[in-house]
């Protein structure tokens with residue numbers, strides 16, 4: 065048991081320390097005629113994951129931005145850090161800005177929009193997870209000291225936040241990807257997580273402003289890596305404002321905490 069915990073902690077600490085901001089701009093084009101893609105990673109951010117993201121999204125027709133915006137001191141400072149990044153990089157000079165937001169990233173973007181309006185933002189894809197969204201609360205309850213070392217106060221702050229949809233979604237294409245698998249960490253702390261209540265996989269209750277949604281068998285860790293599975297659906301939504309006809313719009317009929325086997329997947 066302790067070995068698993070320390071392995072997970074070491075992996076998180078080793079990977080997160082070396083995450084670096086990614087900014088890739090096509091200088092041959094005027095930004096006013098070009099689109100920007102901003103990826104707001106969450107607590108699963110790492111140098112390795114950013115490299116995988118860069119390899120997939122680079123060359124897809126967007127200037128690519130993957131900021132370091134999470135401020136360990138507080139969730140409020142995290143929102144301010146992102147807003148400063150947005151202004152510093154003159155994102156509103158682009159023709160359009162599109163976002164892929166992992167869990168905390170969606171909250172931060174929503175807070176930014178509520179305070180600063182939409183600007184040139186046209187598209188948002190939220191990555192949501194009924195199991196992983198309990199991870200900050202679980203970590204604060206079961207691993208408070210380690211959580212503080214790794215993430216500072218922001219994790220505790222975020223564990224108390226309710227994920228609230230935008231008050232005015234007009235003019236936005238909003239997609240939701242719903243993870244149907246729990247990570248190793250959440251499987252380990254399943255009993256603790258279960259105490260917080262039922263898990264809600266109803267898309268419209270997760271995000272009332274959505275235009276489209278899909279369910280994926282990927283867990284939260286794999287959502288940073290397996291673009292061979294989820295990548296084309298992300299690109300399809302960024303381009304069309306909907307997911308493809310082949311996107312799975314029904315929840316997987318399985319226990320999300322059960323370890324996935326190949327023959328469990330019904331594509």
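Numbering (the working numbering), first residue to last: 65 to 331.
Positions of the beta carbon are idealized from the N, C-alpha and C atoms, including for glycine.
Taking the alpha-carbon positions, what's the residue i to residue j distance?
| i | j | result |
| --- | --- | --- |
| residue 324 | residue 95 | 43 Å |
| residue 272 | residue 315 | 17 Å |
| residue 159 | residue 259 | 46 Å |
| residue 296 | residue 321 | 26 Å |
| residue 118 | residue 226 | 30 Å |
| residue 230 | residue 252 | 33 Å |
| residue 195 | residue 245 | 8 Å |
| residue 156 | residue 140 | 22 Å |
| residue 125 | residue 208 | 42 Å |
| residue 317 | residue 264 | 14 Å |
| residue 312 | residue 243 | 11 Å |
| residue 91 | residue 154 | 14 Å |
| residue 332 | residue 233 | Outside the shown range of the chain, which is 65 to 331, sits residue 332, and nothing can be said about it. |
| residue 206 | residue 261 | 17 Å |
| residue 93 | residue 319 | 48 Å |
Check the C-beta distance from residue i over to residue j and give it rounded, since I have them as a contact under 8 Å.
| i | j | result |
| --- | --- | --- |
| residue 101 | residue 162 | 5 Å |
| residue 192 | residue 270 | 5 Å |
| residue 217 | residue 138 | 6 Å |
| residue 283 | residue 256 | Not really, about 17 Å apart at Cβ, beyond 8 Å. |
| residue 151 | residue 142 | Contact doesn't hold; Cβ gap of about 15 Å is too wide. |
| residue 215 | residue 146 | That belief does not hold up - the Cβ atoms of residue 215 and residue 146 are roughly 16 Å apart, past 8 Å. |
| residue 287 | residue 298 | Actually they are not in contact, since the Cβ atoms of residue 287 and residue 298 sit about 10 Å apart, beyond 8 Å. |
| residue 197 | residue 167 | 6 Å |
For chain D, is any of its Cβ atoms less than 8 Å away from the one on residue i?
| i | result |
| --- | --- |
| residue 313 | The structure shown has no chain D; it contains just one protein chain. |
Using a Cβ-Cβ cutoff of less than 7 Å, which residues in the same chain neighbour residue i once the five nearest sequence positions on both sides are dropped?
| i | result |
| --- | --- |
| residue 274 | 238, 239, 240, 267, 268 |
| residue 74 | Residue confidence is low: residue 74 scores 47 on pLDDT, short of 50, so the model does not pin down where it sits. Its coordinate-derived value is still stated next. Excluding residues within five positions, none has a Cβ falling inside 7 Å. |
| residue 175 | 143 |
Look at the Cβ atom of residue i, then the Cβ atom of residue j, and state whether they are nearer than 8 Å.
| i | j | result |
| --- | --- | --- |
| residue 149 | residue 133 | yes |
| residue 302 | residue 187 | yes |
| residue 307 | residue 276 | yes |
| residue 164 | residue 189 | yes |
| residue 199 | residue 128 | no |
For residue i, collect the residues of the same chain with a Cβ closer than 8 Å to its Cβ; drop the 5 residues on either side in sequence, then sort them by chain order.
| i | result |
| --- | --- |
| residue 114 | 83, 84, 86, 105, 130 |
| residue 339 | Any property of residue 339 remains undetermined from this structure, which presents the chain solely from 65 to 331. |
Apart from the five residues just before and just after residue i, which ones in its own chain have a Cβ nearer than 6 Å to its Cβ?
| i | result |
| --- | --- |
| residue 219 | 200, 211 |
| residue 89 | 127 |
| residue 254 | 321 |
**Message:** Extract the residue ranges of the beta strand (DSSP E) inside the segment 85–132, only unbroken runs of 3 or more that lie entirely within it.
**Reply:** List check, beta strand (DSSP E) in window: 86–88, 99–104, 126–130.
| said: Please give the ranges of any alpha helix (DSSP H) in the segment 247–282, keeping only runs that are unbroken, at least 4 residues long and fully inside the region. | reply: Every alpha helix (DSSP H) of 4 residues or more that sits fully in the segment 247–282 is shown, in chain order, as 248–252, 254–258, 267–270.
Continuous beta strand (DSSP E) assignments of at least 3 residues falling wholly in the segment 153–210: Within the segment 153–210, the complete beta strand (DSSP E) runs of at least 3 residues are 160–165, 185–192.
Length-filtered (4 minimum) alpha helix (DSSP H) runs lying within the segment 282–321
If we require 4 residues or more, the alpha helix (DSSP H) runs fully inside the segment 282–321 come out as 291–304.
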